[in-house]
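> First, the structure itself, so that you have it in front of you.
Residue numbers (the numbering used here): -12 to 469.
Dropping the structure here:
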């Protein structure tokens, strides 16, 4: 058996979509699991929408996710060039081969004529398709249309009454009848080949053995099989992976939240978490483990465990995964990861006032509370925003022993230097009050933060320092006295 060789071939018409990232990842996982190779190719024949900056963003996103490739854009190889717009001369050779063999022909139909034909078929309840008007034009008829200045397309002549069977690695055997597929365009009027034609040439010349792609491409496959046969090429194996749906089980779109990989990166999701998350979207390993390293996922990956049913984008699961991966980072790693977010923080000035020891304490405090790195300002708010008292906190401040507790706390409060020192001091306050712990900690938390739940108080007290703690206590006393 030939060495497995797969490809990811995005169109640079926008940022890398979550679905595209999942397709790239499945190709990467399958290649590595099989000891094969991955090719990165750019399908940029949509001249109006394709942009080099999107290509660069796609490449950057793939690298961020941890995907590498053996051949193609940025890696080189003997089968280039790897952008379709740089391969037009290659395609021309095979277009001419089909024209010369009578398996393709020039079509001069206008958009208006094609639309009229489409509407007429639909009115009769038939499948819209091209009915072959230009299939058998005489030389004189072609010459007349050329004189009219009509720029022709090139259409492939679909074989009649033939069944095409896709032996899909995910979906099993899927059959298509050729009579429902009209002669299709392989070269547009501007001379640019269409997707179905270019992809067959590229996959063949680049030695692609397996085509792993989204389910939406399944309907393209019979057209591609026709072209493989017409050109005398062998077929690759196909695997069409399921669509990704939103939580409402509708096709994922902007209404479900961020749809591109770069948006998740900018929000502060970790590449390890996204790698893990995307791998589990439509595939599952044996066992119940939800957090696996890339190496474990590669070792376990197989097409026979890829699901036919649609994958659901579960943001809650992604958030949980990301939080687990953040928790695995030590404080030094967290500081590095958070730096770009802290540099843009609305609390930048307050952070700059902290010495290194207190900054590390702050990192310890936020470590387990971050769902994604972009949440940092939300988590830091408790440290640097003025107190806003929640209703239940106000109620807690009106208890009988509250003033006594607040005064005891302030009486001998030292300038805090260490977490253990603060913990010990709070224990002494509880002992001196003669009250149960919760009857001390609850009003203290309410006074200092305006809330009854949240960040561990020793972290807060250490970052604030003695004067700020006393100021907050005195402000809370105004509620007690009302």
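Positions of the beta carbon are idealized from the N, C-alpha and C atoms, including for glycine.
For residue 101, which of helix, strand or coil comes out of DSSP?
Note: residue 101 maps to helix in three-state DSSP.
> I'd like the span of the alpha helix (DSSP H) that includes residue 436, first residue to last.
Start and end: 424 to 436.
> What do you reckon, are the CB atoms on residue 201 and residue 157 nearer than 8 angstroms?
Going by C-beta atoms, residue 201 is not nearer than 8 angstroms to residue 157.
> Would residue 151 and residue 212 be called neighbours here (beta carbons separated by less than 8 angstroms)?
Yes; because the gap between Cβ atoms is below 8 angstroms, this pair is in contact.
> Could you give the residue range of the beta strand (DSSP E) that holds residue 94?
Looking at the DSSP string, the run of the beta strand (DSSP E) that includes residue 94 is 91 to 94.
> So, using beta-carbon positions, are residue 377 and residue 438 closer together than 8 angstroms?
Yes; because the gap between Cβ atoms is below 8 angstroms, this pair is in contact.
> Residue 454 to residue 393, Cα distance in whole Å?
Answer to the nearest angstrom: the Cα atoms are 14 angstroms apart.
> Is the separation between the beta-carbon of residue 265 and that of residue -6 shorter than 8 angstroms?
For residue 265 and residue -6, no; Cβs fall outside 8 angstroms.
> Less than 8 angstroms separating the beta-carbons of residue 433 and residue 368?
Not in contact: residue 433 and residue 368 (Cβ atoms no closer than 8 angstroms).
> Counting Cβ pairs closer than 8 angstroms, one from the segment 119 to 133 and one from the segment 194 to 208, do we hit at least three?
Counting Cβ pairs under 8 angstroms, fewer than three are found: no touch.
> Would you call residue 257 buried or exposed, if buried means 16 or more other Cβ atoms sit within 10 Å of its Cβ?
Buried, by the Cβ-count rule.
> Assuming residue 354 and residue 321 are in contact, meaning their beta carbons sit under 8 angstroms apart, how far apart are those beta carbons, in whole angstroms?
Residue 354 to residue 321, Cβ: 6 angstroms. Contact.
> Please classify residue 34 as buried or exposed, where buried requires at least 16 neighbouring CB atoms within 10 angstroms.
By the 10 Å Cβ count, residue 34 comes out exposed.
> Which residue or residues does DSSP assign as beta-bridge partners of residue 247?
BP columns for residue 247 point to 4.
> How far does the alpha helix (DSSP H) with residue 468 in it extend, from its first residue to its last?
That run of the alpha helix (DSSP H) goes 453 to 468.
> Given residue 287, which residues of its chain have a CB within under 6 angstroms of its CB, disregarding the five upstream and five downstream residues?
Closer than 6 angstroms at Cβ, skipping near neighbours: 272.
> Judging by CA-CA distance, which residue of 224, 300 and 459 is the nearest neighbour of residue 154?
Minimum Cα distance to residue 154 is reached at 224.
> Spatial neighbours of residue 95 within its chain, please: C-beta separation below 7 angstroms, excluding the five flanking residues on both sides.
Result list for residue 95: 121, 132, 137 and 139, in chain order.
> Put residue 323 into one of helix, strand or coil per three-state DSSP.
Note: residue 323 maps to helix in three-state DSSP.
> What are the boundary residues of the alpha helix (DSSP H) that includes residue 150?
Here residue 150 belongs to no alpha helix (DSSP H); instead the beta strand (DSSP E) covers 150 to 155.
> From residue 362 to residue 332, what distance separates their C-alpha atoms?
Distance between the alpha carbons of residue 362 and residue 332 is about 10 angstroms.
> With DSSP run on the structure shown, which of helix, strand or coil describes residue 299?
Note: residue 299 maps to strand in three-state DSSP.
> Give me the DSSP bridge partner(s) of residue 27.
According to DSSP, which records beta bridges pairwise, residue 27 is partnered with -5 and 59.
> In the DSSP assignment, find the unbroken beta strand (DSSP E) run with residue 162 in it and report its ends.
From DSSP, the beta strand (DSSP E) with residue 162 extends over 159 to 164.
> According to DSSP, what are the bridge partners of residue 140?
Looking at the DSSP assignment, residue 140 forms a beta bridge with 94.
> Just to confirm the assignment, what range does the alpha helix (DSSP H) spanning residue 260 have?
Residue 260 -> alpha helix (DSSP H) spans 258 to 266.
> Taking three-plus beta-carbon pairs below 8 angstroms as touching, is the segment 59 to 77 in contact with the segment 173 to 187?
Verdict: yes, contact present.
> Where does residue 294 fall in DSSP's three states?
Of the three classes helix, strand and coil, the one that applies to residue 294 here is coil, per DSSP.
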